[in-house]
Each structure stands twice: as C-alpha cells, then as structure tokens.
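**Q** One structure is given below, represented as structure tokens, and several questions about it will come after.
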Amino acid sequence: MQLTVTDFAVDDTGDTDGDPSNESPARQTNDHHRTHRNGSTVTTVIPAYNEEQALRSVVEEYLEYSDELLVVDDGSTDDTPRIGKALASSLENVRYVAHEQNRGKANALRTGVSNAVGDIVVFTDADATYPANHISDMRAKIRAGADLVLGSRVSRGTRNIPPINMIGNRLFSFIVSFFGGVSVTDAQTGMRAMKRENFEMLDSEYTANLEFETGMTLHAAKQGYRIAEIPIDYRTRVGETKLRPIRDGWRMIRTILTILAYESSPLLQTAMALSSVFLVVGGYTGIVSIVDVVRTGDVQHDFYPLLTVLFLILAFQTLVPVLASEQIRTRLDRIEERR
Numbered sequence: 001m002q003l004t005v006t007d008f009a010v011d012d013t014g015d016t017d018g019d020p021s022n023e024s025p026a027r028q029t030n031d032h033h034r035t036h037r038n039g040s041t042v043t044t045v046i047p048a049y050n051e052e053q054a055l056r057s058v059v060e061e062y063l064e065y066s067d068e069l070l071v072v073d074d075g076s077t078d079d080t081p082r083i084g085k086a087l088a089s090s091l092e093n094v095r096y097v098a099h100e101q102n103r104g105k106a107n108a109l110r111t112g113v114s115n116a117v118g119d120i121v122v123f124t125d126a127d128a129t130y131p132a133n134h135i136s137d138m139r140a141k142i143r144a145g146a147d148l149v150l151g152s153r154v155s156r157g158t159r160n161i162p163p164i165n166m167i168g169n170r171l172f173s174f175i176v177s178f179f180g181g182v183s184v185t186d187a188q189t190g191m192r193a194m195k196r197e198n199f200e201m202l203d204s205e206y207t208a209n210l211e212f213e214t215g216m217t218l219h220a221a222k223q224g225y226r227i228a229e230i231p232i233d234y235r236t237r238v239g240e241t242k243l244r245p246i247r248d249g250w251r252m253i254r255t256i257l258t259i260l261a262y263e264s265s266p267l268l269q270t271a272m273a274l275s276s277v278f279l280v281v282g283g284y285t286g287i288v289s290i291v292d293v294v295r296t297g298d299v300q301h302d303f304y305p306l307l308t309v310l311f312l313i314l315a316f317q318t319l320v321p322v323l324a325s326e327q328i329r330t331r332l333d334r335i336e337e338r339r
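What the sequence shown shows, in full-length UniProt numbering, is residues 1 to 339, in sequence order.
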C-alpha cells in the first residue's frame with residue numbers, strides 16, 4: 001500500500017497558504033472538551049475524496065470533540081491535499097494521510113484505523129452532514145458495553161436526506177434487521193463509533209466503497225456483536241455527492257448476498273437457496289396472473305394465484321425458523337465468549 005503520512009507539530013512551518021489561524025475555534029476549545037472524557041481517548045477518522053469545500057470546517061468542528069483527528073485523502077484531484085496538509089501543519093492533533101490513488105472509502109477508513117492511536121475510533125464524512133457534538137453520546141454507549149454505535153439520521157426526521165436515498169436506506173436497514181436479527185433504523189449511516197481494538201472483528205472483507213457501512217452493520221449483527229443506535233441530526237451536504245443510487249445500490253445488494261452466503265451456517269444457506277427458488281416460482285406465477293388480468297380482464301390460468309400464495313408461504317416458512325435458530329445460536333456463542 002502506497003500512502004503518505006503528514007504529522008505536523010503546532011509550531012512547524014511549511015505550506016500555510018490559506019491555513020487556519022493558530023487561534024482557530026478548534027484549538028481554543030479542544031482542551032475544554034478533553035477534560036470530560038474520563039480517560040478513554042477518541043480518534044476521529046475522516047475519509048476525504050475531492051472534499052475541498054467542506055474539509056476545513058469539518059476538521060475544526062470535530063477537533064473540538066476528538067483527542068486525535070485523521071484526514072485520509074483517498075487520491076483527491078482537487079484542492080483537498082493542500083487543505084489537508086495545511087490543517088495538519090497548523091492544528092494540534094490533526095494528521096494527514098494520503099493514498100496516491102483512489103482506493104475506495106472502505107480502504108480509506110482501514111488506513112485511518114491502522115494509523116489511529118485513540119482507544120475509540122469515530123467515523124464521519126468530510127461533507128459536513130454529521131454534527132460532531134454526538135461523539136460524547138457515542139462514547140458513552142461504548143463505555144456501557146456496545147461494540148458498534150450507529151448515528152441514526154432517521155430518528156430525528158429525514159428532511160435533508162434525498163427521497164431516493166431514503167427509500168434505499170429503509171430497504172437496506174430492513175434487510176439488515178431481518179437477516180441480522182437486530183433492530184436498526186439506519187444501517188448505512190456514515191457516523192459510527194467502536195473500540196479501535198475491535199475494528200478488525202467488525203470490518204467486513206467484502207466491502208471496498210460506499211457499501212462499507214451496510215456491510216459492517218450486517219457483519220456485526222451476523223457475528224452477534226452488540227449494536228447500539230443514537231439519534232443524530234443530519235445536515236445538507238456541502239459539495240457534490242459521491243453516491244450513485246443504482247450503482248451503489250447494486251453494490252450493497254451484492255455485499256449483503258456475499259455476507260449471507262459466506263457467514264451463514266450450511267443449514268441457513270440451504271434454507272435461503274430453497275426459499276429463493278420458492279420466491280422465484282411464486283413471483284413468476286403471480287406476475288403471469290397480473291398480466292392476464294391487465295390484458296384480458298380475467299385470470300387465464302386458474303391455479304396460478306393459488307400457486308403464488310402457496311410458494312410465498314413456503315418461502316417464508318422455509319427461511320424464518322432456520323434464520324431465527326441461527327440468530328439464537330450466534331447470540332449464545334457471543335455470550336459464551338464474553339464469560
């Protein structure tokens with residue numbers, strides 16, 4: 001892996017064109033927040049790819065609530081590298097790490113964690129959508145025993161989430177909740193926290209880009225880790241979005257299927273295969289029946305509606321009991337490991 005690390009002291013000199021002043025709000029208030037953390041240290045990791053518009057304000061805001069802040073530049077082609085280096089040179093406890101080429105959000109976060117020193121790592125985005133003041137609540141949840149803390153954007157309304165993104169969020173959160181045996185409202189949130197030492201266990205090897213968050217949440221649920229949510233505010237994005245709903249939606253579906261295929265027991269894999277067959281057959285007979293009614297006003301295949309209902313029931317009854325038993329087994333295994 002080729003990357004560059006810049007770790008400047010406060011009094012270093014260098015390229016300071018457009019640097020924040022040494023008396024920035026972040027520097028002035030950082031010590032105040034640090035006195036309330038009772039021992040555990042927080043590293044905030046900010047992956048950035050062409051985020052020149054918001055990066056400076058995000059860094060200054062999050063530094064108030066972090067003992068260390070890592071900007072991971074994922075091969076940006078705009079002014080992000082210069083801004084990141086300038087912030088690292090002028091602000092205490094800010095470090096700049098750079099990939100020579102774009103390697104995806106998941107790899108940027110992995111690079112950040114590998115360079116972090118804090119006991120707790122917090123992930124956030126460089127687009128100014130997530131307020132930093134929720135870090136204290138996340139830290140409290142981890143201290144209370146949570147393995148993964150999610151900042152739920154939907155708990156306080158969905159005003160700033162685009163409608164197409166909200167549909168995908170609801171769908172994937174339902175899928176993660178159903179197959180993971182947990183109740184989460186925002187499986188895709190980019191603001192999350194965990195103990196640094198637990199990251200490798202929570203990380204899913206099957207993710208590389210914006211499907212990272214969904215994959216991590218499902219992986220953590222499948223492995224029986226304790227997931228907690230806190231309600232957070234969500235602001236309008238600064239700069240151009242990197243999310244492409246169709247492309248990234250497909251990547252999320254592919255990631256979910258991969259995790260379910262490789263992280264499930266043979267019994268559950270068999271149940272999912274049979275259930276899929278029943279769903280396909282039931283879906284086919286159902287679609288044919290609907291087309292018949294639309295075209296002719298009547299059902300041409302009298303037994304197709306009955307077959308549709310029968311196969312959908314079979315799909316449900318084949319999958320759900322096995323899924324429930326696996327979730328119970330996973331929970332019991334995790335309880336045994338913690339003893």
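Heads up, the beta-carbon is just placed ideally off N, CA and C, and yes, glycines get one too.
Which of helix, strand or coil does DSSP assign to Ile46?
**A** Three-state result, Ile46: strand.
**Q** So what's Lys242 in DSSP terms, helix, strand or just coil?
**A** Coil.
**Q** Give me whichever residues DSSP pairs with Ile313 in a beta bridge.
**A** DSSP lists no partner for Ile313.
**Q** Does the beta-carbon of Asp333 have 16 or more other beta-carbons within 10 angstroms, so that it is buried, or is it exposed?
**A** Per the 10 Å Cβ criterion, exposed.
**Q** Who are the near neighbours of Leu243 in its chain, counting only those whose CB is closer than 8 angstroms to its CB and skipping five residues on each side?
**A** These residues qualify, in order along the chain: Asn165 and Leu210.
**Q** Are Ser275 and Leu312 close, meaning C-beta to C-beta below 8 angstroms?
**A** Result no, Cβ atoms of Ser275 and Leu312 do not sit closer than 8 angstroms.
**Q** Between which two residues does the beta strand (DSSP E) containing Phe123 stretch?
**A** Element bounds for Phe123: Ile120 to Phe123.
**Q** Under 8 angstroms by Cβ, that's how I've got Ala187 and Glu213 pegged, so tell me the actual separation to the nearest angstrom.
**A** Between Glu213 and Ala187 the Cβ distance is about 7 angstroms, and since that is below 8 angstroms, they are a contact.
**Q** Which same chain residues, not among the five before or five after Val299, have their C-beta less than 7 angstroms away from its C-beta?
**A** Closer than 7 angstroms at Cβ, skipping near neighbours: Ser289, Asp292, Val293 and Pro305.
**Q** Looking at the secondary structure, which residues open and close the alpha helix (DSSP H) in which Leu96 lies?
**A** Per the sequence shown, residue 96 should be read as Tyr rather than Leu. First-last for Tyr96: Val94 to His99, but that is the beta strand (DSSP E), not the alpha helix (DSSP H).
**Q** Could you name the residues that DSSP lists as bridge partners for Leu70?
**A** Its beta-bridge partners are Val45 and Arg95.
**Q** In this structure, how does DSSP classify Val149 when only helix, strand and coil are distinguished?
**A** Strand, per DSSP.
**Q** Out of curiosity, what's the CA-to-CA distance linking Arg196 and Asp119?
**A** If you take the alpha carbons of Arg196 and Asp119, they lie about 6 angstroms apart.
**Q** Spatial neighbours of Leu260 within its chain, please: C-beta separation below 7 angstroms, excluding the five flanking residues on both sides.
**A** Contacts found: Phe179 and Met272.
**Q** Specify, as a first and last residue, the run of the alpha helix (DSSP H) that Glu61 falls within.
**A** Counting along the chain, the alpha helix (DSSP H) containing Glu61 begins and ends at Leu55 to Leu63.
**Q** The ligand SAM and Phe278: does the residue's C-beta get closer than 7 angstroms to at least one heavy atom of that ligand?
**A** Looking at this structure, you won't find the ligand SAM or any other ligand, since it has none at all.
**Q** Can you give me the start and stop residues for the alpha helix (DSSP H) that Ala220 sits inside?
**A** It spans Phe212 to Lys222 - the alpha helix (DSSP H) in which Ala220 sits, taken as one unbroken run.
**Q** Does Pro81 come out as helix, strand or coil in the three-state DSSP assignment?
**A** Helix, per DSSP.
**Q** Nearest chain B C-beta to Tyr62 closer than 8 angstroms, yes or no?
**A** No chain B appears in the structure shown, which is made up of a single protein chain.
**Q** Three Cβ pairs or more, each shorter than 8 angstroms: is that satisfied between the stretch 224-241 and the stretch 144-162?
**A** Result yes; three or more Cβ-Cβ pairs closer than 8 angstroms.
**Q** By DSSP's criteria, Arg192 is part of a beta bridge. Which residues make up the other side?
**A** Arg192 is bridged to Phe123 and Leu150.
**Q** Given this structure, state the Cα-to-Cα distance separating Leu279 from Thr270, to the nearest angstrom.
**A** Each residue's Cα considered, the two are about 14 angstroms apart.
**Q** Per DSSP, what kind of secondary structure is Glu229 in: helix, strand or coil?
**A** Glu229: strand per DSSP, three-state reduction.
**Q** Could you check whether the stretch 98-116 touches the stretch 69-76, counting it as contact only if at least three pairs of C-beta atoms, one from each stretch, sit closer than 8 angstroms?
**A** As far as the Cβ criterion goes, the stretch 98-116 touches the stretch 69-76, which means the pair count is three or higher.
**Q** The alpha helix (DSSP H) that contains Phe278, what's its start and end?
**A** From DSSP, the alpha helix (DSSP H) with Phe278 extends over Pro266 to Thr296.
**Q** Since Arg237 and Asp127 should fall inside the 8 angstroms C-beta cutoff, what is the C-beta to C-beta distance between them, to a whole number of angstroms?
**A** That pair is a contact at about 5 angstroms.
**Q** Within its chain, find whatever has a CB closer than 6 angstroms to the CB of Leu307; leave out the 5 residues flanking it on each side and keep chain order.
**A** The residues are Thr285.
**Q** Straight-line CA distance for Phe303 to Val281?
**A** Taking the straight line from one Cα to the other gives about 13 angstroms.
**Q** Between Lys105, Ala146, Ala132 and Asn50, which lies nearest to Glu61 when the distance is taken from Cα to Cα?
**A** The shortest C-alpha separation from Glu61 is found at Ala132.
**Q** DSSP state of Ile161, grouped into three classes?
**A** If DSSP states are grouped into helix, strand and coil, Ile161 belongs with coil.
**Q** Between Glu263 and Lys222, what straight-line distance do the alpha-carbon atoms span, to the nearest angstrom?
**A** Taking the straight line from one Cα to the other gives about 7 angstroms.
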